[in-house]
Amino acid sequence: MTPFTYHRATTVDEALQLGRQPGTRYIGGGTNLLDLAKAGVEQPIHLVDVGWLPLGTIESLPDGGARIGATASNADTANHALIRERYPLLSQALLAGASGQLRNMATVGGNLMQRTRCHYFYDTGFSACNKRAPGSGCGALQGVHRMHAILGASEHCIAVNPSDMSVALAALEAVVVVRGDGGERRIAIADFHRLPGNTPQFDTVLRPGEMIVAVDLPPSRLAGHCHYLKVRDRASYAFALVSVAAALELDGRNVRSARLALGGVAHKPWRVPAAEQVLVGRPLSTPAASEAARLLLDGARPLPNNAYKLALAQHAVVRALGIAAGGMA
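Listed below in structure tokens is the structure:
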């Protein structure tokens, strides 16, 4: 591990001032950054501990939404009465991630910032990884890519975003609140994570020195009919092969509004408004859910080892919608 300095920030302003130094990284629970530093993938010069800042509260907003502080733990967020009552989809997604011990340490801000779990990225013995060493190539393209992206990938990177929480936040249309030298900035969750394109080394749109301070959730009418479905190799402590965040607002049996997001298939949570709109105005049925899944997966470009994800995602979307609705018409 490369030597680094450590400073525990006591205020947001102090953290931002320290964050201006080149080579500085913010650290909360450290459940991802420390692993990367030990492996030599990340080589921070300065670590600024923001885990002690007063950013861990979860509170109702005047408009009926909710604000989750960036340092709130995944466990506290999943089990908070406000989140369980108004945003059970988020609670389900958080509880599907990692292990109890990791959820106790991991923070909401850190979860948004976790890096992709591609083994070519994590293992510095592989020289070809554009995310770790831009311009070196993508070892996964011609290598083992069973876990990798079928949507939104590029010739430079086919890794996927590993976060369960972010998939639920995408369906809930959350907003990430950040602070930096330019003051506060609000970023829609749909715009927060980047597709790899020609610069896969950048996972998010955060500017140098910016820090996540909160996640805002808008008022929602989707609490009564939602489900987070995670398909993985084993029942616990495994990343998603495919995941689905499904939420519905029902008027009797008819769908008034719908939200769908896929995880495990792209560099960011994947939403397609047309896939949601096709469900609106009629009872949920297997053909309608299948059509939504088809639209959600339109443009997919699987590779030989991960072509199974197409059928898996199709069935997962139909199943998640059926569970959310309490059955098909």
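So for the sequence shown, this note's numbering puts the first residue at 1481; every next one is plus one. Backbone N, C-alpha and C fix where the C-beta goes; we use that ideal spot for every residue, glycine too.
Give the C-beta separation of residue i and residue j to the nearest angstrom, bearing in mind that I take them to be a contact with Cβ-Cβ under 8 Å.
| i | j | result |
| --- | --- | --- |
| Ile1548 | Pro1782 | Actually they do not touch by this definition, with Cβ atoms about 35 Å apart. |
| Leu1652 | Leu1697 | 6 Å |
Give me the residue from the options with the minimum Cα distance to residue i.
| i | options | result |
| --- | --- | --- |
| Val1658 | Ala1741, Val1492, Gly1761, Leu1721 | Val1492 |
| Thr1557 | Ala1573, Asp1543, Gly1544 | Ala1573 |
| His1599 | Ser1716, Leu1621, Gln1581, Arg1583 | Leu1621 |
| Gly1544 | Leu1527, Pro1534, Leu1562 | Leu1562 |
| Gln1718 | Leu1533, Gly1744, Gly1704, Ala1703 | Sequence check: residue 1718 is Ala here, not Gln. Nearest C-alpha to Ala1718: Gly1744. |
| Ala1650 | Leu1742, Ala1780, Leu1730 | Leu1742 |
| Thr1684 | Leu1592, Tyr1506, Glu1653 | Leu1592 |
| Leu1816 | Gly1732, Ala1768, Ala1517 | Because the chain spans 1481 through 1809 in this model, residue 1816 falls outside it and cannot be assessed. |
| Phe1606 | Cys1618, Gly1508, Thr1596, His1636 | Cys1618 |
| Ala1648 | Ala1768, Pro1534, Arg1751 | Arg1751 |
| Gly1508 | His1747, Gly1520, Arg1488, Ala1768 | Arg1488 |
| Gln1594 | Ser1646, Val1656, Tyr1486 | Ser1646 |
| Ser1616 | Leu1535, Pro1680, His1628 | Pro1680 |
| Glu1539 | Glu1522, Arg1564, Gln1523 | Arg1564 |
| Ala1555 | Val1530, Arg1505, Arg1583 | Arg1583 |
Does the Cβ of residue i have 16 or more other Cβ atoms within 10 Å, making it buried, or fewer, making it exposed?
| i | result |
| --- | --- |
| Phe1682 | exposed |
| Ala1796 | buried |
| Met1481 | exposed |
| Leu1541 | exposed |
| Ala1715 | exposed |
| Trp1532 | exposed |
| Ile1525 | exposed |
| Gly1520 | exposed |
| Ser1579 | exposed |
Could you tell me whether the Cβ atoms of residue i and residue j are closer together than 9 Å?
| i | j | result |
| --- | --- | --- |
| Arg1739 | Ala1726 | yes |
| Gln1794 | Leu1777 | yes |
| Ala1586 | Thr1537 | no |
| Ala1550 | Asp1644 | no |
| Leu1446 | Ala1754 | It is not possible to answer for residue 1446, since the shown part of the chain is limited to 1481 through 1809. |
| Asn1473 | Pro1676 | Only positions 1481 to 1809 of the chain appear in this structure, which leaves residue 1473 out of reach. |
| Leu1569 | Leu1764 | no |
| Arg1665 | Asn1785 | no |
| Ser1700 | Tyr1567 | yes |
| Val1656 | Val1695 | yes |
| Leu1790 | Ala1780 | yes |
| Leu1535 | Ala1552 | yes |
State yes or no: is the C-beta of residue i nearer than 8 Å to some heavy atom of the ligand GDP?
| i | result |
| --- | --- |
| Arg1547 | Of the ligands one can find in the structure shown there are none, so the ligand GDP has no counterpart to examine. |
Determine, using beta-carbon pairs with one atom in the region 1487–1501 and one in the region 1686–1694, whether at least three such pairs fall under 8 Å.
yes
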